[in-house]
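Residue numbers (the working numbering), protein chains in the order written: chain L, 1 to 1020; chain R, 1021 to 1252; chain S, 1253 to 1710.
Every residue, glycine too, gets a C-beta built ideally from N, C-alpha and C.
These numbers were taken from a predicted model, which means no experiment stands behind them.
In what follows, a single structure is set out as structure tokens and then discussed.
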Amino acid sequence: MDDRGKKSEEICPGKKGSLDLVAVRKRLEQTKGPEYWRSLEELAGTAEFREMMHREFPKGASEWLDGVSRRGFLKLMGASLALAGMTACTRQPLEPIVPYVKQPEEFVPGRPLFYASAFSMRGYATPILVESHLGRPTKIEGNAQHPVSLGGTDVFTQASLLDLYDPDRSQTLTYLGDPYSWSSFLAAFHGPLASQKPLQGAGIRVLTQSFSSPALADQMQSFLKLYPSAKWHVYEPVNRDSVYAGAQMAFGQPVETQYKLDKADVIVSLDADFLYGGYPGFTRYAREYASRRDPDKSMNRMYVIESTMTSTGAKADHRLPVQAAKIEQFARALASGIGVNAGAGQLGDAEAKFAAAIGDELKTHHGSSVVIAGDNQPPVVHALAHAINQALGNVGQTVVYTDPVSAIPVNSTDSLRDLVSDMRAGKVDMLIILGGNPAYDAPADFGFGDALKSAKVPLRIHLGLHQNETAELCHWHVNEAHYLEAWGDTRAYDGTVSIVQPLIAPLYNGKSIYEFVALLSGQSEATGYEVVKAYWQKQHSGPDFDMFWRRALHDGWIEGTTFTPKDVTTKAADFPTSTSSDTKSIEINFRPDPSIWDGRFSNNGWLQELPKPVSKMTWDNPIFIGPAMAARLGVQKEDLVELELQGKSMLVPVWVQAGQPDNTVTVFLGYGRTRAGRTGTGFGFDAYQLRNSAIPWFAAGLNVRKVSGSYELASTQGMQSMDAEIGQRPLVRETDLDEYRKEPNFAQEEEPKKDETLYPVVPGFDYSKQPYAWGMAIDLNSCVGCNNCIVACQSENNIAVVGKDQVNRGRHMHWLRVDTYYEGDRDQPRAFFQPVPCMQCENAPCEVVCPVGATVHSTEGLNDMVYNRCVGTRYCSNNCPYKVRRFNFLRFQDWETPQYKMMRNPNVTVRSRGVMEKCTYCIQRITQHRVDAERADTPIKDGELQTACQQSCPSNAIIFGNINDPNSKVAKLKGLLRNYSLLGELNTRPRTTYLAEIRNPNPQLEHLATAASAVESENS
Amino acid sequence: MAQIFHRSTNTISRATIFGAVFVVSFAFWVALKIERSPYVTYAGVARPQPVPFSHQHHVSGLGIDCRYCHTSVEVSRFAGIPPTKTCMNCHSQIWTKAPMLEPVRESYRTDKSLVWTRVNDLPDFVYFDHSIHIDKGVGCNTCHGPVDHMPFMYNYASLRMEWCLNCHRAPEKNLRPRGQVFNMRYQQPTPDSPVAMDGKTFSDQQSLGLYLVKKYKLRTQADITSCSTCHR
Amino acid sequence: MDPQTPVTERRKAPVIAPGHTFATITDKISSIVLARPVTNAWLVGFGFFGLITMMLLYAIGYLFLRGVGIWGVNIPVGWGFAIVNFVWWIGIGHAGTLISAILLLLRQQWRNSINRFAEAMTLFAVACAGMFPLLHLGRPWLFYWLFPYPNSMNYWPQFRSPLVWDVFAVSTYFTISLVFWFIGLIPDLATLRDRAENKWAAMIYGILAMGWRGSARHWKRYEKAYLLLAGLATPLVLSVHTVVSFDFAVAILPGWHTTIFPPYFVAGAIYSGFAMVLMLAIPIRKLYGLEDFITLRHLDNSAKVMLATGLIVAYGYAVEAFMGWYSGNHFDSFLLWNRLHGPYRFTYYALLFCNIGFPQVLWFRNWRTRPLRLFVVSAVILTGMWLERFVIVVISLHRDFLTSSWGMYYPTKWDWMTFIGTIGFFLFAFFLFVRILPMISIFEMRTLLPEAEVKEAE
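Structural data, given as structure tokens:
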């Protein structure tokens, strides 16, 4: 173990300078007796030591250290001995109980309140409901009433809760790193601002991330009125420049494109990862896509042509992995195939066939098909996609054009370029950076950091949640208020405006962007509330504003703000060749990280430890290389390679990813942060150093060189194949639509008869006679592997983050995991997602072996886990065929940090060291609903009781309910023929069952999937 | 050869051999006793409070209903501790000068909460819900004891799991008509003081209990002794 | 064998060398405890293993401080070294009980010279074994929840769990062995009491001897008690390891869920037990010049027992392999495949060599009667039996039903410290034993003398 640890320590750049754990251990091993403790105390003094102690939060990783001070050792020793002897008669300490002085009206002690709000990323809002206990937001859920969310969310939205309580958030306003007061800032800021008045603000530059807030846009206008020659720039590292540019090319104006996937029989994705969080409208799209995957109704067919293995590609009925540059050619071929004059694309034979087949099918689906181009594709591909959709008459049917959601739909790269040149030219007297982290994520060729450092910019102010790389280079840093602490407004992808309302007073008196911009326009006292409310007062004509306002806050959106479809006219279509179609050399692809996006979530433990959808990787961003290519280069996973692109180079570890196109390397942005905080700093590798403004997304001519050494990666899945050397394991059962129609019950072969059991039948007890029998059905056809359920579960059930080291030891704590399997040819595999919570077996193997009866069956068929009874033999986990039980090998929970105490769900026990834990079907929710129902003397209505995972699922793949109620949705699903239980042949009688996956391939393309079907024949 | 031991050692050795058995079992018995003793359970032990609030005075003296202060007891798992405001409703008129109430007035002035000591304090891994117990006809004083005779509040029961199970395994022993839940003087039916309900009269708890179990649709004994009823 | 018929015995070495009288036996054995000065060799060994015992305590202290996470255990491999060592030690214990109880009932007189320290070995081994179930708990301070006692939770242990059976099996085993051993010691303690010059020694031995005067009445009761205890201990030899094997057999895991386990565990236990007996006997007889009492005959017989039990174990492996193939169950056949080709295959190969391959040399007399060679064979067997438990625990766990949850197990330095620590403790205790108690039963040796026969005849 130790030397495996060492490897990572040696070459992980972030950890340079910081003391390395292995060295410490080594050093301690040599010392004995008192000397041992002395050397420890020396260490404990040093700053690196403390830094190291906290590098991986929470204490999980630190727990692993051998470091304890002598006093600490004795104390703890005493404690554990006392425990050992005295637990029988330990007294509870006296606890204080603190009532309100004046209790708020609507508040009922012991019950949560829900508030509607919205989380926005890149200006696109996800409407949410926030659960609040005693004024502490504890859980974020999608706003089921809202047409965009429909209850679904994405991982970023869910995890943004943890950011609120992040102990590393910047907590004070600072000048050159020293804390200052807001008033002293005002004083210092007033002079320079006043001096700009005569110059009409010629020296003022404001830099924000892209935003959609109407109120903020309005503030910006009024600010620019005040200072006409000031400039307002927008930069977003993961931007939609080419989307708007493509629209410009096609229609002469930047428009937003919306898709109506429920109306689409054929979906063609040109490198668009639209079934994963972060894509505008993902929650809605996932729902609509899933609604058309029912094999018993008319199923849609999805083609994905992509340059990186994504979860969207995994769901495709036909997937074509090609280099990003090829996709333009493909689009041309496709376009000309349906009679758009776009010039023939140079394609390989198989690709051409593929394009032709899709073309033929599209032609037969006028108005009921859709072609989606990816944000990372050049404008021309978007233009082509628009042209195709036009030609197919999809516009108005499955495709809708509206005004751009972004308040300033400018090209953010150009915008930043202008700013930097101005900074270099010394035209900038005062740079105000509102949010974002350009010093870290700006294109390398801009040298933004240096420009920012230079004396040419005399006054630099940064408003942000963290003291990040950019804050470091600014004079003033103003600590920002988290969106759950501040008022605001924002637009969803369809333009609907949501009011962002605070759930809690700013923990560190942060300022919101509204308040800061107000200050720029001279209203230094204006609160965010006043600004936002005032704006909407202006918008709202009519006397009943209070009604309107209350309604907006209550519902979570403002009626009538949804964009109306725009009819746009295509310009004379010519499609300039954009990319050099050099497909010989190796291509590099830049993608936002599926977990931490562009780096803004680096310090978020939930996301860092979230297994990325296709690789199951945590805490790192290795590059993706396809199996064939890896074989050519002679590299395998965890090997280190040097990437060299246009003179710049970096060291990164390799992940051999099934389905990654040949000759294509994908690097993920967002890692290698130097000032992210205790969780994010020093993890992974900074891909921004290779990225420049000319090649925002992909480029040819990459050199990959294997270097000596390797780097340990923490993946949470043992093996990503159902093929166990000898023989197939039918874990995910799946087949083609035709096969399914021929043999609908193909999935139920191993199902044992109901009466086949050796278990003693408890006389007079029968689950089917109980009022409730909880069960879950997971539709593998609907699941898009978006990981949202995992984060939802983590948030609902107070699940600990354990850190990379522990993940490597196979000790991650997720109650719900999503297994990803690949079948067939590894370069063109078929991929499957399978969410695995506790199966709640009726014949539970874990129960019979527990010596203390800490896991036992409830009358409603739940496999109860009683943490406070568990002594931790781990026998139950050994005997669990699904390995869904998680054990607190060390004290993984953080008991000290006060912020986390506020964040936790008070209805779920916080598990301590040495205790087994697992999915409980959210028993706290079941109990609450049952109690309420009993008091109301009505049964629990189907659908009103939802588990956290079910609630958060954007594609409705997880259905939970009472299987004793024949009319419940779950009972109906379990009645379907494609319902099967995992490892059913073991006769564990799981309450969680799966609906087999049915693909809908195009007969014309069958031959492309021969390899796959060969596997399948073994499979069934 | 001389004897090493005196004759008496024979007796001693026998005594020790048999004594050992009794010593061990006695130690075990003591441990179990301590575990259930007020020292551990605090049962019957009044706790230090910022204000010497007397339930006896307010409940039996003034006849204030439990729900006047513990407002959420019928709708929430948590009965609720009255905000200072509730105290001041009356004490802004009466006893306005009483020194013992100074902390209350101060709290109201300074808007700083009173910090009470929790009396009926279950372990954090136990999830008790007041509302459902009230709804099923479990009286306040069934668990909290004669609160109306407690000058200083203490917990009446041991709050050990065995105590909870006594009732969860045979709820009929303690149920009473919903109307009587907040009645601190309620007596279980006896032949000479029967309880009338729905036109029937019950002269013993067993029959009343079983009737209420049906009437209030109590879940079965197996249901309410499932672990997840109280532990999550 | 009956020493009065030397003719038939010519080929076999006697169980006691000729020329001994009651006096010589008593002198020889008791002098080791009373007269023999403390040698440096003894001190060095004693001190060394004392240190290792300290290391064990340190490892345990740190374990309680931090939690089992300091070990290599994880999900899916929830049980690691702890359980491997537990089963291994318990197994070793069995030989002692077998020798002292079963061989007594079978009137195998050759046992008389080795039963005493074999029983001591049992005690120490069980003590080592008993540690692990407690240490491997996530919350060891709550171990007593495995005992049924009238607790304030009004909640009992879950009696269907083999771990609860273990608690009873192991504790019973320890108690019976202790009593049996002590009763056996009483007459010798009295001897030591009477021969001790040092007053304190005399006192202590006196107290322990419980007023034994060697009167006919004492002997009569003694014989009865000893016989009864032997009767009690005999079933334990079979039951204890059977129960331990249930820990695995009851689970549904491929490689654990096997009906062959009970017999094959018991055989394995005796196999490893005798290996340990020999590893102790061979050096001792050399160092303390006891070749007269622990003769080649004893070594020969023990070797034969090992050979027999070894073959039973081999049969067990064969059946496992056969069932893997014959059952046609994918998971079982994969287990077999995984043992042969998986990441831990070398442990399996080593196991086959140590437990089946190499011990076949015991067919040859000149291996059974050459102490050094026998010592080597025993060492190999002990290693093999440890590996067997490793294979059963780790290989079965690390790749079970869902490929997605497959994992690996890497023991940490703490695993090793605990394992080696127990070995240290075992030998530490044994060093003490040979110094303060007669390691060979004096009076039982006396009964082997021709004179003894005559007396009984009267």
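Proximity test, Cβ basis, 7 Å: residue i and chain R
i, result
"Ser1365 of chain S", "no"
"Met1531 of chain S", "no"
"Asn879 of chain L", "no"
Residue i versus residue j: straight-line alpha-carbon distance, rounded
i, j, result
"Asp686 of chain L", "Val654 of chain L", "14 Å"
"Asp567 of chain L", "Tyr671 of chain L", "41 Å"
"Gly626 of chain L", "Thr820 of chain L", "17 Å"
"Leu1195 of chain R", "Phe1434 of chain S", "59 Å"
"Thr1655 of chain S", "Cys949 of chain L", "23 Å"
"His857 of chain L", "Lys1237 of chain R", "22 Å"
"His386 of chain L", "Val268 of chain L", "12 Å"
"Leu164 of chain L", "Leu484 of chain L", "7 Å"
"Asn905 of chain L", "Asn798 of chain L", "6 Å"
Chain-order list of residues whose beta-carbon lies under 8 Å from that of residue i (same chain, five-residue window excluded)
i, result
"Ser585 of chain L", "Asn663, Ala700, Gly701, Leu702"
"Ser1585 of chain S", "Gly1576, Trp1577, Ser1579"
"Pro881 of chain L", "Pro845, Leu983, Leu986, Thr988"
CB contact below 7 Å: residue i versus chain S
i, result
"Met617 of chain L", "no"
"Gln928 of chain L", "no"
"Ser210 of chain L", "no"
"Ile1024 of chain R", "yes"
Minimum Cβ-Cβ distance from residue i to chain L less than 7 Å
i, result
"Asn1326 of chain S", "yes"
"Thr1647 of chain S", "Looking at the sequence provided, one finds Ile at residue 1647 of chain S rather than Thr. No - not a single Cβ of chain L is within 7 Å of the one on Ile1647 of chain S."
"His1509 of chain S", "no"
"Trp1417 of chain S", "no"
"Phe1384 of chain S", "no"
Cβ pair residue i, residue j closer than 7 Å
i, j, result
"Tyr175 of chain L", "Gly201 of chain L", "no"
"Ile1694 of chain S", "Thr1427 of chain S", "no"
"Phe698 of chain L", "Arg811 of chain L", "no"
"Leu1308 of chain S", "Gly1673 of chain S", "yes"
Residues of its chain near residue i, where Cβ-Cβ distance is below 6 Å and the 5 sequence neighbours each way are ignored
i, result
"Glu1192 of chain R", "Gly1229, Leu1230, Val1233"
Residues near residue i by beta carbon distance below 7 Å, same chain, minus five either side
i, result
"Ala1461 of chain S", "Ile1438, Leu1441, Ala1442, Arg1445"
"His1078 of chain R", "Ile1084"
"Leu1542 of chain S", "Ile1536, Ile1692"
"Asn787 of chain L", "Val155, Leu610, Pro613, Val818"
"Asp178 of chain L", "none"
"Gln467 of chain L", "Ser170, His477, Arg675"
Inter-stretch contact (C-beta, 8 Å, three-pair minimum) for the region 1559-1568 of chain S and the region 1482-1502 of chain S: no
Three CB pairs or more closer than 8 Å across the region 771-780 of chain L and the region 974-994 of chain L: yes
The region 915-925 of chain L contacting the region 862-869 of chain L, beta-carbon criterion three pairs below 8 Å: yes
Three-pair Cβ contact test at 8 Å for the region 132-145 of chain L versus the region 1157-1164 of chain R: Taking a contact to require three or more Cβ pairs closer than 8 Å, the region 132-145 of chain L and the region 1157-1164 of chain R do not qualify as touching.
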